[in-house]
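In my numbering, the protein residues as written are 17 to 451.
Positions of the beta carbon are idealized from the N, C-alpha and C atoms, including for glycine.
A quick note: this is a predicted structure, and the numbers were derived from the prediction, not measured.
Before any comments, here is the structure.
This is the structure in structure tokens:
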């Protein structure tokens, strides 16, 4: 009798545990995407078709626009009314992670996170890592590379420049025919994107890894910044361009621009350009050993899991599933087919190798992505990048000396980082304690 009663109690409590487990699994995973309705629908359809039947986890998706996304996430964190996953800008997850709001994947799922990162472009990982943490997984990439009107180059007998030094003597020839070189991150308020490419190619950068001190005032950074601003002040490159129309009509037959923004347009929405253009590496700088450094800016947006999520494992499984080479390949294919002119740049190397684009385009794109490097998180976040924008404006618009302008920016960046270090002191000490 005691045995039967004991067995009943065991079964009763096992039943409670099973019911509780099913209840957790039955709760829908909440994901906030920065996406339009069509893109969110595509992701949801893939999830419903492949992820939910396999795991039993249903997923709800809500959309945000970039302009409101960060404030919406801030409000969610402050109120405690959070999703399980949110898609964030390049370094947002570190801002929230320092405050304890984001799950450190290196700590929660170390081996699985390492396996995901091994499948991705190394440069895409820099923005999400800070002092050994990993507060997110890259979701999409954005970079810059060259676009050439091959018909115009052939007609004029011009060689495609492989370095900036090869570009400079070509510019007067183009300008004599009322044409020019264009670069989309010139004087439009976010010049630090392209400035960072010149800094790195020269051996400099905006700040040291760890984001505690600016190195804009090193000889290498000064040289890179000077070469960047001289595109506009010395070589007469236009400060503003119409990135699609100018390329289409031939006014800008050589353009360095965001691949994610224009590739799909040139490839699928401009049939009159078929056979008249190609993509090339970003012009580079010759290293001391004779090789060419083509590195450029690599932007990411990322998926992050909230620390207070009650479905951390399920959330991680969804990210792991969605960023796998199989699903990224399928998503990229459907993205191009269902959203005319769209182009998905996946952080997953194998998925990019399977993109259904011309072989020569794919080879250039993948080579560029291997060269590109994301800007790491710094205390002060995106605020410190604006000092580079200000320095650019003072040189290009007001005629200030490049070295003087960038040295001032270096002082301002370091001062901002030091101010933020004091503000974040307790968070940084907690981070060091918990590592």
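Listed as beta-bridge partners of residue 154 by DSSP are 318.
Cβ-Cβ distances below 8 Å link residue 262 to 198, 268, 271 in the same chain, with the five nearest sequence neighbours on each side left out; the list follows chain order.
Using a Cβ distance threshold of 8 Å, residue 419 and residue 410 do not count as a contacting pair.
By the criterion of a C-beta distance shorter than 8 Å, residue 54 is surrounded in its chain by 354, 355, once the five residues flanking it on both sides are discounted. Spanning the alpha carbons of residue 286 and residue 351 requires a straight line of approximately 18 Å.
Setting aside the 5 residues that flank it on each side, residue 335 is surrounded in the same chain by 153, 319, each with a C-beta closer than 6 Å to its C-beta; the list follows chain order. DSSP places residue 111 inside the alpha helix (DSSP H), whose first and last residues are 108-114. Setting aside the 5 residues that flank it on each side, residue 114 is surrounded in the same chain by 146, 440, 443, 444, 447, each with a C-beta closer than 8 Å to its C-beta; the list follows chain order. Each residue's CA atom was taken as its position, placing residue 340 and residue 173 some 44 Å apart.
At a Cβ-Cβ threshold of 8 Å, residue 227 and residue 361 do not count as neighbours. Leaving aside the five residues that flank residue 405 on each side, the residues in its chain whose CB is nearer than 8 Å to its CB run, in chain order, 205, 206, 207, 208. Ranked by how close their Cα comes to the Cα of residue 381, the residues 234, 296, 240, 421 have 296 in first place.
Straight through space, the alpha carbons of residue 71 and residue 375 are spaced by roughly 36 Å. Per DSSP, residue 259 has no beta bridge partner at all.
Distance from the CA of residue 256 to the CA of residue 196, rounded to the nearest whole angstrom, comes to 12 Å. Membership of residue 206 in any alpha helix (DSSP H) is not indicated, and neither H nor E is assigned to it by DSSP. In its chain, beyond the 5 residues on either side, 360, 362, 367, 371 have a beta carbon closer than 7 Å to the beta carbon of residue 348.
For residue 102, the pairing in a beta bridge is given by DSSP as 48, 320. The residue from 84, 108, 161, 281 with its alpha-carbon nearest to that of residue 383 is 161. Counting along the chain, the unbroken alpha helix (DSSP H) around residue 82 starts and ends at 82-95.
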